[in-house]
Amino acid sequence: MTMPVDMSTTLGNAWFPSPIFTASGCASSGKELAQFFPLKDIGAVVTKSVMTKPRHGRPTPRMAETPSGMLNSIGLQGPGIDAFLANDVPWLLEQKARVIVSIAGETIEEYSTLARKLRSISGISAVEVNISCPNVENRGLVFACDPDASRRVIDGVRKTIGGELPIIAKLSPDVTDLPAIARGVVDAGADALALINTVLGMVINIDSMRPHLGGKTGGLSGPAIKPVAVRAIYQVHAALPQVPILGMGGVSTGRDALELILAGASGVSVGTASFGNPTALIQIRDELQTLLAARGFATLSQAVGYAHREEGP
Amino acid sequence: MTMPVDMSTTLGNAWFPSPIFTASGCASSGKELAQFFPLKDIGAVVTKSVMTKPRHGRPTPRMAETPSGMLNSIGLQGPGIDAFLANDVPWLLEQKARVIVSIAGETIEEYSTLARKLRSISGISAVEVNISCPNVENRGLVFACDPDASRRVIDGVRKTIGGELPIIAKLSPDVTDLPAIARGVVDAGADALALINTVLGMVINIDSMRPHLGGKTGGLSGPAIKPVAVRAIYQVHAALPQVPILGMGGVSTGRDALELILAGASGVSVGTASFGNPTALIQIRDELQTLLAARGFATLSQAVGYAHREEGP
Amino acid sequence: MATINKSAVQQIVTVLSNKRVGAYHQILLNVGDIVKSCRPGNFVAISVGGDASKMILRRAFAISRTSDSSQYGGTMELIVAPHGAGSRWLCAQSEGSELDIVAPLGTAFGIPTEPINALLIGGGYGSAPLFGLADLLKSRGCKVDMLLGASVGSKIYAPMEGKRSVNSLKIYTEDGSMGETGRVTQSLLEIIENRNIDVIYSCGPMGMLQAITELVSATEVIHQCAVEESMACGIGICMTCVLPVTKADGTTSMLRSCIDGPVMDGSSVRWDLVGKVPDSL
Amino acid sequence: MATINKSAVQQIVTVLSNKRVGAYHQILLNVGDIVKSCRPGNFVAISVGGDASKMILRRAFAISRTSDSSQYGGTMELIVAPHGAGSRWLCAQSEGSELDIVAPLGTAFGIPTEPINALLIGGGYGSAPLFGLADLLKSRGCKVDMLLGASVGSKIYAPMEGKRSVNSLKIYTEDGSMGETGRVTQSLLEIIENRNIDVIYSCGPMGMLQAITELVSATEVIHQCAVEESMACGIGICMTCVLPVTKADGTTSMLRSCIDGPVMDGSSVRWDLVGKVPDSL
Ligand SMILES: Cc1cc2nc3c(=O)[nH]c(=O)nc-3n(C[C@H](O)[C@H](O)[C@H](O)COP(=O)(O)OP(=O)(O)OC[C@H]3O[C@@H](n4cnc5c(N)ncnc54)[C@H](O)[C@@H]3O)c2cc1C
Ligand SMILES: Cc1cc2nc3c(=O)[nH]c(=O)nc-3n(C[C@H](O)[C@H](O)[C@H](O)COP(=O)(O)OP(=O)(O)OC[C@H]3O[C@@H](n4cnc5c(N)ncnc54)[C@H](O)[C@@H]3O)c2cc1C
Ligand SMILES: Cc1cc2nc3c(=O)[nH]c(=O)nc-3n(C[C@H](O)[C@H](O)[C@H](O)COP(=O)(O)O)c2cc1C
Ligand SMILES: Cc1cc2nc3c(=O)[nH]c(=O)nc-3n(C[C@H](O)[C@H](O)[C@H](O)COP(=O)(O)O)c2cc1C
Ligand code: FES
Ligand code: FES
Chain R
1 MTMPVDMSTT LGNAWFPSPI FTASGCASSG KELAQFFPLK DIGAVVTKSV
51 MTKPRHGRPT PRMAETPSGM LNSIGLQGPG IDAFLANDVP WLLEQKARVI
101 VSIAGETIEE YSTLARKLRS ISGISAVEVN ISCPNVENRG LVFACDPDAS
151 RRVIDGVRKT IGGELPIIAK LSPDVTDLPA IARGVVDAGA DALALINTVL
201 GMVINIDSMR PHLGGKTGGL SGPAIKPVAV RAIYQVHAAL PQVPILGMGG
251 VSTGRDALEL ILAGASGVSV GTASFGNPTA LIQIRDELQT LLAARGFATL
301 SQAVGYAHRE EGP
Chain A
1 MTMPVDMSTT LGNAWFPSPI FTASGCASSG KELAQFFPLK DIGAVVTKSV
51 MTKPRHGRPT PRMAETPSGM LNSIGLQGPG IDAFLANDVP WLLEQKARVI
101 VSIAGETIEE YSTLARKLRS ISGISAVEVN ISCPNVENRG LVFACDPDAS
151 RRVIDGVRKT IGGELPIIAK LSPDVTDLPA IARGVVDAGA DALALINTVL
201 GMVINIDSMR PHLGGKTGGL SGPAIKPVAV RAIYQVHAAL PQVPILGMGG
251 VSTGRDALEL ILAGASGVSV GTASFGNPTA LIQIRDELQT LLAARGFATL
301 SQAVGYAHRE EGP
Chain B
1 MATINKSAVQ QIVTVLSNKR VGAYHQILLN VGDIVKSCRP GNFVAISVGG
51 DASKMILRRA FAISRTSDSS QYGGTMELIV APHGAGSRWL CAQSEGSELD
101 IVAPLGTAFG IPTEPINALL IGGGYGSAPL FGLADLLKSR GCKVDMLLGA
151 SVGSKIYAPM EGKRSVNSLK IYTEDGSMGE TGRVTQSLLE IIENRNIDVI
201 YSCGPMGMLQ AITELVSATE VIHQCAVEES MACGIGICMT CVLPVTKADG
251 TTSMLRSCID GPVMDGSSVR WDLVGKVPDS L
Chain G
1 MATINKSAVQ QIVTVLSNKR VGAYHQILLN VGDIVKSCRP GNFVAISVGG
51 DASKMILRRA FAISRTSDSS QYGGTMELIV APHGAGSRWL CAQSEGSELD
101 IVAPLGTAFG IPTEPINALL IGGGYGSAPL FGLADLLKSR GCKVDMLLGA
151 SVGSKIYAPM EGKRSVNSLK IYTEDGSMGE TGRVTQSLLE IIENRNIDVI
201 YSCGPMGMLQ AITELVSATE VIHQCAVEES MACGIGICMT CVLPVTKADG
251 TTSMLRSCID GPVMDGSSVR WDLVGKVPDS L
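Protein chains in written order, with the working numbering: chain R, 1 to 313; chain A, 1 to 313; chain B, 1 to 281; chain G, 1 to 281.
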């Protein structure tokens with residue numbers, strides 16, 4: 001019952017001592033959480049999606065709490081890649097944190113530009129490519145909802161960044177055929193998949209009688225979407241069993257993390273849960289270890305996708 | 001503040017004294033709720049989706065509670081259309097309930113067969129066509145996820161049923177481009193749209209370490225999905241402002257119903273909320289009336305889609 | 001008007017007391033006139049977690065006993081195991097708390113018109129509805145024997161007062177911490193034979209109900225069991241709680257255990273098909 | 001290690017008392033050593049709804065006062081308006097209840113090193129942090145005047161003890177049910193002039209803060225205001241609580257009110273752009 005479990009995991013050729021990561025956009029650049037626990041104690045810090053230029057993001061209100069969830073419409077506010085690489089990455093590396101840099105763009109070219117800038121930075125573990133962004137060259141259609149555009153983004157990043165740094169393509173669940181999108185980006189060179197980004201939602205303020213969020217629609221996150229995340233991970237793992245998945249969506253306990261892992265996730269990002277509980281990542285990591293041990297797993301990797309096993313006990 | 005509000009509504013040429021309906025599959029055939037309130041006191045009873053033949057449905061477990069929601073995989077258990085029309089419809093009409101019959105099929109032909117049987121029945125207000133079913137003729141791809149198949153289902157039903165009975169096409173939110181699917185079924189002859197069916201989800205049982213539901217995946221319903229419903233209704237109402245929408249998804253209070261109406265729903269179905277509260281429909285109806293009155297609406301229809309109005313107060 | 005749920009009402013009731021008894025909580029509710037329509041075997045569905053709860057479904061509990069004579073008017077007793085978040089919340093409600101209940105729900109144990117020999121078998125908290133049943137059978141002149149089983153002694157629920165209505169009570173625990181070591185089924189056929197049992201009334205885990213059904217299949221004994229399937233609504237509108245049951249015409253249907261149960265004829269349940277579906281219709 | 005949230009801790013604390021005061025609840029918490037790092041203007045973020053809550057985000061409340069001398073060790077006082085489900089839950093917690101808090105968070109009011117003339121302006125529960133601030137300013141030799149406003153008298157929070165630290169207290173209500181009829185801003189420029197005000201400290205609705213900023217823009221008065229934006233995390237990781245703020249170099253940024261606020265320089269906030277975004281960068 002209490003044998004130590006090897007909690008280490010890999011995504012592509014990147015190794016992490018723990019499978020519990022922050023989720024992009026839910027840990028800012030790391031400094032804010034460092035008061036609550038040492039950043040090196042988690043698997044990795046996945047940084048907020050960064051674009052080429054500084055951005056103000058969307059007007060407020062930017063959030064609405066919903067039953068067991070929340071909507072956000074931040075609109076990728078951020079300092080731009082240059083300031084980010086100059087200030088935030090060195091600080092994180094100094095903390096001995098593993099760093100996964102999340103990038104976002106409005107054109108296929110912008111993603112490649114970001115990849116080029118990353119190429120020269122040493123010490124980062126992987127790049128997460130957030131393709132749940134509107135494509136300004138195609139009527140604002142979100143890249144991740146367009147099989148062709150998502151493939152081309154990843155292809156561009158792969159070609160620019162070279163063969164070393166693992167590429168994690170982050171997909172949106174708001175599509176008819178998720179495995180098809182997943183297959184496309186893997187063919188284009190993604191080493192791993194991040195599932196899921198937020199689900200598109202809206203809240204109407206019944207006093208103003210208009211959409212509550214400044215950005216009208218927002219992304220739904222938190223426990224409410226966990227069943228969607230589990231389904232997405234299970235579906236994609238069934239279709240592409242050899243492709244590692246960084247799972248996320250509503251994880252707030254070790255039990256939730258285990259569910260995603262059994263469905264097929266090799267690592268688990270924790271987003272919204274940190275808003276309600278600054279030490280959520282550490283608690284989830286510890287609970288997960290206990291749960292794995294109680295189930296007789298010697299290593300985390302034995303549990304990855306275990307829910308897919310053939311009939312039997 | 002307390003002037004009476006005209007709560008009546010229409011979907012196509014069908015008139016209802018109240019906009020609050022049951023949701024298909026969440027009121028069985030009506031008898032079970034009749035102990036808690038007279039069925040004529042609500043807008044309509046939308047019956048459980050019926051198929052041509054009797055069906056056992058899926059194995060148990062068929063449900064899993066999730067944060068502010070639940071998954072179900074009933075698999076359309078039911079008596080088949082003949083027994084349904086012989087037993088359930090006459091009973092409902094005797095109660096003076098308005099009846100909307102929901103139909104479901106595995107082939108385009110099956111939907112037409114069902115429509116043919118309905119054609120000869122008098123007294124029903126509308127037919128809701130549940131196209132969130134796997135199409136056995138196309139690798140089990142859900143009709144509602146395939147623009148062409150969904151159009152052909154509605155076309156078949158329209159041609160068979162003739163011009164009188166309003167057709168409400170019930171769509172799935174699990175698609176990349178919901179307005180496109182909506183446009184297709186309206187072109188094919190749907191008078192109204194029902195939005196949204198459940199969201200595909202999954203729960204892994206962390207003790208058995210397998211999918212918890214007998215059917216593996218299930219449909220997510222309840223408050224958790226309300227933001228998805230509001231978004232779907234808002235999007236489709238923006239694209240097709242002249243098409244009436246029967247809104248549903250996570251409504252459990254009058255405030256929730258008002259949100260869906262402001263987003264564009266002319267009527268609101270209440271599903272999962274009745275499981276936790278057998279008198280939910282009556283409470284929601286009364287709360288909605290109070291909220292509309294407090295906002296100065298003289299009629300329900302003035303509030304439909306009000307969140308889309310031009311800038312201004 | 002309705003023939004289903006015909007005496008069910010939704011009502012806010014007050015907790016009169018909440019005591020720990022072994023592994024369970026004995027919770028007494030002030031429910032007023034509801035008791036008039038409660039029969040042994042019926043259950044109650046309770047909202048859990050309070051106003052801001054993420055738990056949207058009611059929890060089902062067997063009505064253990066009701067009384068109409070106490071100083072409080074009608075009272076209803078529940079025996080609750082703190083299992084998950086919902087039942088733990090219920091077990092944490094103290095005197096004076098208000099609960100939203102729907103009751104009585106489901107079928108009741110059939111009460112014979114003749115004075116028969118009855119054997120009541122309970123597993124874990126499954127004994128809860130059996131003591132009320134025992135009283136009733138006794139009052140009809142039946143001879144009532146009882147077997148209770150559980151994994152450990154703390155999970156045997158057998159209140160002192162309850163024991164008065166039974167002729168004999170035999171307890172089994174798997175770890176031997178109370179009564180005999182083993183299971184309620186181990187000497188069942190002998191007991192049936194020795195005591196001339198006509199009817200078995202059982203309530204407990206599905207595995208126990210199945211085992212009893214199989215053991216008595218070769219006998220003349222009637223077996224009424226109260227099943228326990230996961231329920232989303234408890235009132236027959238969701239179709240989640242179904243069990244494969246053979247009907248008079250030999251066909252098997254998926255029946256709702258909240259409406260056609262929880263009390264069912266054990267021999268009609270297709271135990272082999274639970275968690276599966278019968279061949280297509 | 002971290003420079004942000006640098007004295008914040010997450011801790012389970014106990015409710016010592018909960019009293020209704022007009023439209024508000026005055027809630028006293030036993031928080032131990034946390035008080036050592038709390039400064040007037042800081043806030044606390046509290047989990048609401050209990051274990052099974054559908055409310056997943058913390059609620060922010062200004063720290064009204066702290067004390068380290070009482071019999072209980074460090075205590076923290078909050079003034080809470082029962083607004084929605086979360087704050088109503090908090091107002092329903094009784095003595096002995098446990099709360100999960102993160103504190104202290106955010107910026108504090110700047111305390112002058114010289115004895116200046118300060119005017120403290122509070123709207124509704126916005127007066128909460130001003131009494132602790134008044135004590136501190138008084139102890140630094142400042143002259144402290146106070147204006148409080150609300151829609152109705154029951155929404156004026158002005159405890160007896162608090163009044164001791166202020167030179168003068170003037171109350172305004174919109175319906176005239178307490179003090180003068182009208183708003184805190186109506187004679188503001190006169191008061192500034194007559195009393196030689198150097199610094200205004202304000203806390204209350206955003207409209208009030210904006211109105212004060214506009215009124216004093218033509219004066220020399222410094223205006224430190226505690227803003228209130230909808231916050232998902234309170235600790236700087238979500239970017240939902242931003243306000244457009246002009247920086248020293250004249251550019252406008254969307255700054256987090258939980259980290260760079262809640263206390264901000266009123267003149268630096270681009271009130272005209274709240275709810276909009278500045279021109280693109
Ligand atoms: C007819 C009937 C009578 C019952 N009588 C009793 C009784 O007298 N005493 C008692 O302690 N328990 C009884 N149970 C079981 C009780 O309903 C469950 O223990 C309880 O629902 C668990 O809820 P939870 O939130 O604590 O657990 P969780 O596991 O968190 O529940 C999650 C969901 O699963 C459902 N669920 C979980 N376990 C069960 C179960 N064993 N049976 C049905 N649904 C389940 C819950 O209703 C809920 O929707 C009865 C169940 C039924 C159907
Ligand atoms: C820095 C700061 C200090 C505050 N100090 C106090 C105080 O001393 N006393 C007091 O009574 N209230 C104070 N508030 C407001 C208090 O946070 C809100 O009233 C409370 O969050 C409402 O939660 P609810 O669940 O009751 O309402 P709901 O409206 O149901 O809340 C829904 C969501 O919106 C957010 N929200 C709603 N209203 C506000 C608001 N006015 N400000 C920020 N977030 C909001 C909530 O945090 C929650 O996430 C303060 C807010 C901030 C940001
Ligand atoms: C406030 C907020 C901001 C987010 N910003 C980003 C982002 O910049 N890039 C990104 O890829 N995902 C972003 N996400 C999505 C999360 O990384 C994550 O995929 C999603 O929230 C689901 O996980 P959770 O339920 O644990 O939050 C954001 C989510 C939230 C709530
Ligand atoms: C148990 C259950 C059974 C359902 N069965 C059907 C069905 O037969 N046909 C259908 O169109 N929708 C069915 N639905 C979907 C509902 O009608 C509704 O679209 C969905 O649950 C969202 O509404 P809610 O959140 O109010 O439940 C079912 C939902 C549930 C929970
Ligand atoms: S529990 Fe819903 S039908 Fe039985
Ligand atoms: S509330 Fe999250 S960054 Fe300020």
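Glycine included, each C-beta is placed from N, C-alpha and C at the ideal position.
Every residue whose Cβ sits closer than 6 Å to any heavy atom of ligand 5 is listed here in chain order: B:M231, B:A232, B:C233, B:G234, B:G236, B:I237, B:C238, B:M239, B:T240, B:C241, B:R256 and B:C258. At least 7 Å separates the beta-carbon of B:L133 from that of B:V184.
Across the structure, B:A62 and R:T299 are spaced so that their CA atoms are roughly 43 Å apart. With a cutoff of 6 Å, B:I171 does not count as near ligand 3, since its C-beta is closer than that to no heavy atom of the ligand.
Counted as a single uninterrupted DSSP element, the stretch harbouring R:Y111 is not any beta strand (DSSP E) but the alpha helix (DSSP H) occupying residues I108 to R119. Secondary-structure assignment with DSSP links B:R256 through a beta bridge to B:V242. Within chain R, the residues whose beta carbon sits less than 7 Å from that of G:E229 are T60, listed in sequence order. A Cβ of chain G is located within less than 7 Å of the beta carbon of B:M55. For G:A108, the CB contacts under 8 Å within the same chain, skipping 5 residues up- and downstream, are R39, P40, G41, N42 and V263 in chain order. Proximity of the beta carbon of A:G69 to ligand 3 is not indicated: no heavy atom of the ligand is located closer than 6 Å.
Annotation: G:W271 is outside any beta strand (DSSP E) and is labelled neither H nor E by DSSP.
Taking all protein chains shown into account, A:V199 has 16 or more neighbouring C-beta atoms within 10 Å of its C-beta and is therefore buried. A Cβ-Cβ contact shorter than 7 Å links R:M202 with A:R231. Ranking A:I245, A:T279, A:D286 and A:E287 by CA distance to the CA of A:V268 puts A:I245 first.
Rounded to the nearest angstrom, the gap between the Cα atoms of G:L188 and G:L215 is 8 Å. Distances from the alpha-carbon of A:I131 to those of A:G69, A:G78, A:P59 and A:S49 put A:S49 closest.
Note on the segment 126-201 of chain B: whole alpha helix (DSSP H) runs with a minimum of 4 residues are 128-139, 160-163 and 188-195, in chain order. Residues of chain G whose Cβ lies closer than 7 Å to the Cβ of R:L33 are, in chain order, I237. Rounded to the nearest whole angstrom, the CA to CA distance from G:R256 to G:S202 is 19 Å.
For the segment 69-94 of chain G, the residues whose beta carbon sits under 9 Å from a beta carbon of chain B are, in order, A85, G86, R88 and W89.
In terms of Cα proximity to R:V243, the closest of R:G189, R:V99 and R:I20 is R:G189. Of all residues in the segment 271-292 of chain R, those with a C-beta nearer than 7 Å to a C-beta of chain G are T272, S274, F275, G276, P278 and T279, reading in chain order. Apart from sequence neighbours up to five positions away, the residues of its chain that approach R:I100 with a beta-carbon distance below 6 Å are A44, V46, S125, A126 and E128, ordered along the chain. In this structure, R:A224 sits near R:G69, with a CB-CB distance shorter than 7 Å. For G:T113, the three-state secondary structure derived from DSSP is coil. The shortest CA-to-CA distance from B:A248 to any of B:V269, B:S230, B:G204 and B:G236 is the one to B:V269. Taking the beta carbon of B:Q10 as reference, the chain A residues within 8 Å of it are F36, N277, P278 and T279, listed in sequence order. By a beta-carbon distance limit of 8 Å, G:I27 does not contact G:L105. Their separation comes to about 17 Å.
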